[in-house]
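In UniProt numbering, the protein residues as written are 1 to 198. All residues carry an ideal CB built from backbone N, CA and C; glycine is no exception. All of these numbers come straight from a predicted model, not from anything done at the bench. Right, one structure below, let's go through it.
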């Protein structure tokens, strides 16, 4: 009743994201699917997304609500309602994909991207670092940081999203924090994780 799904924004290994309204506000809804091959990984992904549920920072996608009750779909493990930040990512900007409308130099509207300026690169970098510093201060490690998981709002602010591989560390005083999984995208993994170091 209070949640109305509109159209898909994207999908990944553990679910799909939809544009929706929740109590009249535009939101993004992630439905985490039950993975028949690896149910434990599906459950871990759902609960990992909730690591940021009570956090609020300008450079982190905010979780609004979540539910493990999904009567509409037997294939869904749970639903996570997040702030809607648009459908543009750093991946789109770097690789020139997506459908962001820009104003060209000849004053005509067109599809595509202008090359990223040094000023904009620095601004995006500062946003990402600010988000990471905040997450790390809350003992949360993302474990899947890549351009596709950095969302860019209409106000040109970067927000870190997709916490399906994240982990909350137990304490900051431990000399060697233990990560219980090697999540994330293999091609974007930190070299020390690939080497088996922590």
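Could you tell me which of 95, 28, 90, 33 sits nearest to residue 65, measuring between CA atoms?
-> Numbered from 1 along the chain shown, position 65 holds the residue referred to as residue 65. It is 28 whose Cα lies nearest to the Cα of residue 65.
Since I believe residue 53 is in contact with residue 63 (beta carbons under 8 Å), could you give me their beta-carbon distance rounded to a whole number of angstroms?
-> For the purposes of this step, residue 63 is taken as the residue at position 63 of the chain shown. For the purposes of this step, residue 53 is taken as the residue at position 53 of the chain shown. So it is a contact: roughly 4 Å between Cβ atoms.
Segment contact, 8 Å Cβ cut-off, at least three pairs: the stretch 149-164 with the stretch 120-137 | Short answer: they touch.
Please list, in chain order, all residues of the same chain as residue 132 whose beta carbon is under 6 Å from its beta carbon, the five residues on each side excluded.
-> The count along the chain shown starts at 1 and reaches residue 132 at position 132. Result list for residue 132: empty, nothing under 6 Å.
Are the Cβ atoms of residue 199 and residue 58 separated by less than 8 Å?
-> No answer is possible for residue 199: the residues shown for the chain start at 1 and end at 198.
Decide if residue 69 is buried, meaning its Cβ has at least 16 other Cβ atoms within 10 Å, or exposed.
-> Here residue 69 refers to the residue found at position 69 when the chain shown is read from its first residue. Sixteen is the threshold: since fewer than 16 other Cβ atoms of the shown chains lie within 10 Å of the Cβ of residue 69, the residue is exposed.
Answer with buried or exposed for residue 96, where buried requires no fewer than 16 other C-beta atoms within 10 angstroms of its C-beta.
-> Taking the first residue of the chain shown as 1, we reach residue 96 at position 96. Counting every other CB atom within 10 Å of its CB across the protein chains shown gives residue 96 a total below 16, marking it as exposed.
Excluding the 5 residues preceding and the 5 following residue 90 in the sequence, name in chain order all residues of the same chain whose CB lies nearer than 6 Å to its CB.
-> For this step, residue 90 is matched to residue 90 along the chain shown. By the criterion of a C-beta distance shorter than 6 Å, residue 90 is surrounded in its chain by 147, 150, once the five residues flanking it on both sides are discounted.
Beta-carbon separation of residue 81 and residue 6 under 8 Å?
-> To locate residue 81, count along the chain shown from 1; it is residue 81. To locate residue 6, count along the chain shown from 1; it is residue 6. No, these two residues do not count as a Cβ contact at 8 Å.
With a threshold of 16 other CB atoms inside 10 Å of the CB of residue 2, please say whether the residue is buried or exposed.
-> Residue numbering aside, residue 2 sits at position 2 when the chain shown is read from its first letter. Classification for residue 2: exposed.
Entirely enclosed alpha helix (DSSP H) segments - the stretch 106-170, minimum 4 residues | Counting only runs of 4 or more, we get 118-137.
Please determine, among 162, 60, 18, 76, the residue with the shortest C-alpha to C-alpha distance to residue 42.
-> One-based indexing of the chain shown puts residue 42 at position 42. Of 162, 60, 18, 76, the smallest CA-CA separation from residue 42 is found for 76.
Assign residue 136 to one of two classes, buried (16 or more other C-beta atoms within 10 Å of its C-beta) or exposed (fewer than that).
-> Counted from its first residue, the chain shown places residue 136 at position 136. The residue in question, residue 136, is exposed, as its Cβ has fewer than 16 Cβ neighbours within 10 Å.
Which residues in the same chain as residue 134 place their Cβ atom closer than 6 Å to its Cβ, once the five residues preceding and following it in sequence are excluded?
-> The residue labelled residue 134 in the question sits at position 134 within the chain shown. Apart from the 5 residues on each side of it in sequence, residue 134 sits with its Cβ closer than 6 Å to the Cβ of 57 in its chain, given in chain order.
Beta-carbon separation of residue 160 and residue 128 under 8 Å?
-> To locate residue 160, count along the chain shown from 1; it is residue 160. To locate residue 128, count along the chain shown from 1; it is residue 128. Closer than 8 Å, so yes.
Go ahead and pull the three-state DSSP assignment for residue 76.
-> One-based indexing of the chain shown puts residue 76 at position 76. Under the three-state reduction of DSSP output, residue 76 falls in the strand class.
Residue 158 classed as buried or exposed, judged by whether at least 16 other C-beta atoms fall within 10 angstroms | Indexing the chain shown from 1 puts residue 158 at position 158. Only buried fits residue 158, as 16 or more other CB atoms lie within 10 angstroms of its CB.
Opposite residue 18 in the DSSP bridges: which residues?
-> Numbered from its first residue, the chain shown carries residue 18 at position 18. Within the DSSP secondary-structure output, residue 18 pairs in a beta bridge with 8, 29.
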